[in-house]
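Enquirer: Protein chains in written order, with the numbering used here: chain A, 15 to 249; chain B, 24 to 341.
Heads up, the beta-carbon is just placed ideally off N, CA and C, and yes, glycines get one too.
Small disclaimer: the values here were computed from a predicted structure and weren't measured.
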């Protein structure tokens, strides 16, 4: 077992930190620290969880490029976990909106989804994330078959775009940060397109003389890019 | 209706904060009684049902609003601000405005009036009696506060400048100081910020040139040293740190209207029936509360202002 594999429980706890911070601050707001989340805690919590969803999505999509560029194969074990944390933060984000912001006022929320395009695209992103989370198990990969699983999971690129547009459209005027996120996702997507159409990009090769250090030993050999491997190298 | 007229309360140009807060408590109590009275008159006091009230019901100001329409804390009012000149996050103005110098201050009065000129802050304010006005502030982003302002009714100030009959609008400009206002170094909006009112709006009883809040001079993040308050309009009409007042004959350009004309109109009257493309305007979150409240027509000030817009299509003139 590599160091990276052994560190996975630590990484898991690290991924929970934003949620813990939010819970701690929410507790503070209702108890002894009314200003813990600023003057508008509901808005603060929505922005906080939304941004962490996008950050986890970026981290998930960064696993493969970083692994390949630096030749750290063990990183692959982190991809499924990060993907599921993306979904976890998306769920918290949506719950904030449904349960705290609108207090389960379904009719009003229905109106919001129909009337406001930033909410519609946000909801669309969540719906698109659902099948990805549901098919994240090894059993689901086997049931679907590697190629079909991989095709389905390309939806994550759509989510990256719609999720960032959701952010962009929610912002009133200062679009600097949404555009930075868009740029990051464009780079992550660009890496895949480059690999697919031009060829592998490597900063450091693993093992001398091997032109293609990428391991093809997984059950999904033959699929178009390394991204077609299921989360966490199903074994 | 939640508004304290100058004759309700003794002058408080210089008031000890403790006394001030005590008085506020008394006024809050008075407000509770007023609102309860409205409830007894058959108005729906359930603020949750966002469409429970009919238009007519909403036209009776204050009806349907929860009775605890109490002022927000000084901390809330000074830490949660939209003042893009100091940054676009709500906490930015408090964090970035310490280096701003609100004194000495000069306001240029120009255009179609008989007394144009450069007025020092003291010359502008001193001839008038400072009044207390506690108003709701409704942001276009669907949050709201209740703020105890001090200031001078704009109508009184305007009288001194003797506008000509040809003056149909009043245009305002914010100070341009990129070295003190970091937000102005980025072209997020067209700087300097400009706003405007129709002459009848500017001279309406409710319109205030605020110079203080909670008995203290306006903090930098709230628009020091002098800003506009138009309580029946969305907050962005309340232009801050004003350095120019111009009397003009044509509808002036306004910053947010330039930035996104389909989202922000010249009038920007609070109207729960006309949605913003981004936010529904039927409800709002009062800062300090979790549940949403129903938004009131003209922010609850319909009885004072609705007549100015009779016959106008408010859906078009948003």
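1) Helix or strand or just coil, what does DSSP make of residue 17 (chain A)?
2) Buried or exposed: residue 77 (chain A), going by 16 or more other Cβ atoms within 10 Å of its Cβ?
3) With 16 other CB atoms within 10 Å as the buried threshold, where does residue 41 (chain A) fall?
4) Got a sec: is the Cβ-Cβ distance from residue 53 (chain A) to anything in chain B below 7 Å?
5) Below 8 Å, can you find three or more Cβ-Cβ pairs linking the region 131 to 143 of chain A to the region 100 to 110 of chain A?
6) Please name the residues in the region 124 to 151 of chain A whose beta-carbon is closer than 7 Å to at least one beta-carbon of chain B, in chain order.
7) Answer yes if the region 156 to 169 of chain A comes into contact with the region 58 to 71 of chain A, meaning at least three C-beta pairs across the two stretches below 8 Å, and no otherwise.
8) In chain A, which residues lie with their C-beta within 9 Å of the C-beta of residue 308 (chain B)?
9) Would residue 187 (chain A) count as contacting chain B if we go by Cβ distances under 7 Å?
10) With burial defined as no fewer than 16 other Cβ atoms inside 10 Å of the residue's Cβ, what is the status of residue 99 (chain B): buried or exposed?
11) Considering Cα atoms alone, identify which of A:206, A:180, A:198 is closest to residue 60 (chain A).
12) Pull the bridge partners of residue 173 (chain B) from the DSSP assignment, please.
13) Within 10 angstroms of its Cβ, does residue 299 (chain B) collect 16 or more other Cβ (buried), or is it exposed?
14) Taking 7 Å as the CB-CB limit, is residue 337 (chain B) close to chain A?
15) For residue 114 (chain B), return the contacting residues in chain A, with the cut-off set at a CB-CB distance below 9 Å.
16) Apart from the five residues on each side of it in sequence, which residues of its chain come closer than 7 Å, Cβ to Cβ, to residue 88 (chain A)?
17) Do residue 248 (chain B) and residue 171 (chain B) have their CB atoms nearer than 7 Å?
18) Report buried or exposed for residue 130 (chain A), applying the criterion of at least 16 other Cβ atoms within 10 angstroms of its Cβ.
19) Does the Cβ of residue 102 (chain B) have 16 or more other Cβ atoms within 10 Å, making it buried, or fewer, making it exposed?
20) Kindly indicate which residue of B:105, B:175, B:108, B:192 has the alpha-carbon position closest to the one of residue 133 (chain B).
21) Which stretch, first to last residue, makes up the beta strand (DSSP E) that contains residue 270 (chain B)?
22) By DSSP, does residue 180 (chain A) sit in helix, in strand, or in coil?
23) Beta-carbon within less than 8 Å of residue 118 (chain A)'s beta-carbon, same chain only, minus the 5 sequence neighbours each way: which residues are those?
24) Following a CB-centred definition, is residue 164 (chain A) positioned closer than 6 Å to any heavy atom of the ligand SAM?
25) State the Cα-Cα distance for the pair residue 128 (chain B) and residue 111 (chain B), rounded to the nearest angstrom.
26) Given a cut-off of 7 Å, decide if residue 107 (chain B) and residue 211 (chain B) are closer than it, judged by their beta-carbon atoms.
27) Is it buried or exposed for residue 219 (chain B), if we count other Cβ within 10 angstroms and need 16 for buried?
28) Exposed or buried, which one is residue 202 (chain B) when buried takes at least 16 other CB atoms within 10 Å?
29) Work out the CA separation of residue 21 (chain A) and residue 217 (chain B) for me, nearest whole Å.
30) Using DSSP with H/G/I as helix, E/B as strand and the rest coil, what is residue 337 (chain B)?
31) Is the region 222 to 235 of chain B close to the region 161 to 178 of chain B, with three or more CB pairs under 8 Å?
32) Thinking just about the alpha-carbon of each residue, which of A:162, A:157, A:195, A:186 is nearest to the one in residue 173 (chain A)?
33) Looking at chain A, which residues of the region 98 to 130 of chain B have a Cβ within less than 8 Å of any of its Cβ atoms?
Expert: In terms of the structure at hand:
1) Here residue 17 (chain A) sits in helix by DSSP.
2) Buried, by the Cβ-count rule.
3) Under the 10 Å beta carbon count, residue 41 (chain A) is surrounded by fewer than 16 other beta carbons and is classified as exposed.
4) Nearest CB-CB separation between residue 53 (chain A) and chain B: below the 7 Å threshold.
5) They touch, by the three-pair rule.
6) Listed by position along the chain: 125, 126, 129, 130, 132.
7) Because the criterion of three Cβ pairs below 8 Å is not met, the region 58 to 71 of chain A and the region 156 to 169 of chain A do not touch.
8) Result: 54, 56, 57, 115.
9) So, interface residue.
10) Flag for residue 99 (chain B) reads buried.
11) Per the Cα distances, A:180.
12) According to DSSP, which records beta bridges pairwise, residue 173 (chain B) is partnered with B:155, B:235.
13) Residue 299 (chain B) sits buried, since 16 or more C-beta atoms from the chains shown fall within 10 Å of its C-beta.
14) Cβ-Cβ to chain A under 7 Å: no for residue 337 (chain B).
15) In chain order: 52, 53.
16) Counting only Cβ-Cβ distances below 7 Å, and skipping sequence neighbours, we find 16, 18, 19.
17) In terms of Cβ geometry, residue 248 (chain B) and residue 171 (chain B) do not form a close pair [threshold 7 Å].
18) That one is buried.
19) Its Cβ being crowded by 16 or more others within 10 Å, residue 102 (chain B) is buried.
20) Comparing C-alpha distances from residue 133 (chain B) to each of B:105, B:175, B:108, B:192 shows the shortest one belongs to B:192.
21) Run containing residue 270 (chain B): 265 to 271, per the beta strand (DSSP E) assignment.
22) Three-state DSSP puts residue 180 (chain A) in a helix.
23) The answer, listed in chain order, is 112.
24) Ligands displayed in this structure: none; no statement on the ligand SAM is therefore possible.
25) Here the C-alpha atom of residue 128 (chain B) lies approximately 25 Å from the C-alpha atom of residue 111 (chain B).
26) Yes.
27) Flag for residue 219 (chain B) reads buried.
28) With fewer than 16 other Cβ atoms within 10 Å, it is exposed.
29) Their backbone Cα atoms lie some 56 Å apart in a straight line.
30) Assignment of residue 337 (chain B) by DSSP, reduced to helix, strand and coil, places it in the coil class.
31) Segments in contact, yes.
32) Distances from the CA of residue 173 (chain A) to each of A:162, A:157, A:195, A:186 were compared; the closest alpha carbon is that of A:195.
33) Contacts with chain A (Cβ-Cβ distance below 8 Å) from the region 98 to 130 of chain B involve 98, 99, 102, 103, 107, 111, 113, 114, listed in chain order.
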